[in-house]
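Comments concern the structure below.
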Amino acid sequence: MIIHVFNSQQELNQAGAGIITALIQTKPDAVLGLATGGTPVGIYEELVKNYNAARVSFRHAKSFNLDEYVGLPDGHSESYRTYMNHHLFDHVDIQMEETHVPNGNADDVDEECEEYDAMMADAGQVDLQILGIGHNGHIGFNEPGRELTAGTHRVELKAETREANARYFPSIDEVPTHAITMGIASIMKAKQIILIVRGADKAEIVERALFGPITTDCPASLLQAHPNLVVLLDNEAGSGLIEQ
Ligand code: F6R
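As numbered in this note's numbering, residues 34 to 277 make up the sequence shown, in order.
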């Protein structure tokens, strides 16, 4: 595991975007695993800048997103498909048909999950998986519990996850109760994982995830077993580690 702690959001964003840019420069047909939420927004902004400066082209790249809410209407402002289009896909030259986000409106969600895993298998190994982390240690929407699931599956969101994401909705009642998420095995199969964490409110979970026991009670703790994990933290998220 390699941990970098940054003094500013800008340095963190440039470092994150730099890793993705360097990968695509050397492997133009890279398969990217992408995340949504507040954490990666600045990294996507830097990636768009790199694209506009002709430092990178996504023309041959493919992407698979970690997750999507179940039941938000197509085009809903808070769906993760809308988020990805808005923050990245609409501004770069990736082929839209090579961008994949689970369909949270599928008639048969189980079938959708199986198809998503099959598409990922067809695409080959994810070269680089971007991850954020929930305050409860979730990655993707793999919530803490007695068991974790290997492949893409439907999940009931924990109350704390719905509360954290309520900031994007008019009220908590409008936050979906369920989502589709890649499973832990899908995430762990990636060749490289970049875990990005910002803010003092995540310092404790960062410490638990990276140095606590490996347990399903903290799904991110499984990342300790990944052979190529890079962690990008701002000073605040890294404060617990620096004090050690
Ligand atoms: C998003 C995702 C989630 C978020 C996590 C942190 O696709 O899979 O695991 O990374 O909930 O969210 P933010 O970045 O909003 O704090």
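A virtual CB, placed ideally from N, CA and C, is assigned to each residue, including glycine.
Quick caveat, the model's predicted, so the values are computed rather than measured.
Where residue i falls: helix, strand or coil (DSSP)
i, result
"serine 204", "coil"
"glutamate 131", "helix"
"glutamate 44", "helix"
"serine 96", "strand"
"isoleucine 52", "helix"
"phenylalanine 39", "strand"
"valine 81", "helix"
"isoleucine 247", "coil"
"asparagine 138", "coil"
"glycine 108", "coil"
"asparagine 175", "strand"
"aspartate 150", "helix"
"aspartate 267", "strand"
"glutamate 180", "coil"
Classification of residue i by the beta-carbon crowding that lies within 10 angstroms, buried from 16 upward
i, result
"tyrosine 113", "buried"
"aspartate 155", "exposed"
"arginine 92", "exposed"
"aspartate 206", "exposed"
"aspartate 100", "buried"
"arginine 179", "exposed"
"alanine 236", "buried"
"glycine 271", "buried"
"serine 96", "buried"
"tyrosine 149", "buried"
"asparagine 261", "exposed"
"asparagine 175", "buried"
"aspartate 140", "exposed"
"phenylalanine 122", "buried"
"aspartate 267", "buried"
"isoleucine 35", "exposed"
"tyrosine 102", "buried"
"threonine 59", "exposed"
"glycine 273", "buried"
"alanine 233", "exposed"
"arginine 231", "buried"
"glycine 66", "buried"
"phenylalanine 39", "buried"
"histidine 186", "buried"
"alanine 50", "buried"
Unbroken beta strand (DSSP E) run spanning residue i, endpoints
i, result
"alanine 212", "211-214"
"isoleucine 163", "161-164"
"glutamate 189", "186-189"
"glycine 66", "64-67"
Range of the contiguous alpha helix (DSSP H) that encloses residue i
i, result
"isoleucine 226", "From DSSP, isoleucine 226 is part of no alpha helix (DSSP H) but of the beta strand (DSSP E) over 225-230."
"arginine 114", "113-120"
"threonine 72", "Run containing threonine 72: none; DSSP gives neither H nor E here."
"glycine 198", "Note that residue 198 is asparagine in the sequence shown here, rather than glycine. Asparagine 198 -> alpha helix (DSSP H) spans 192-198."
"alanine 218", "217-221"
| said: Three or more C-beta pairs under 8 Å: does that hold for the stretch 159-173 against the stretch 214-226? | reply: The answer is yes - the stretch 214-226 touches the stretch 159-173, with three or more Cβ pairs under 8 Å.
| query | In chain order, what residues place their C-beta within less than 5 Å of a heavy atom belonging to the ligand F6R? | reply | Ala68, Thr69, Gly70, Gly71, Thr72, Leu99, Asp100, Gly165, Gly167 and Gly173
| Contact the stretch 248-260 vs the stretch 112-130: 3+ CB pairs below 8 Å | no
| Do the stretch 79-92 and the stretch 101-110 meet, that is, are 3 or more Cβ pairs less than 8 Å apart? | Touching, no.
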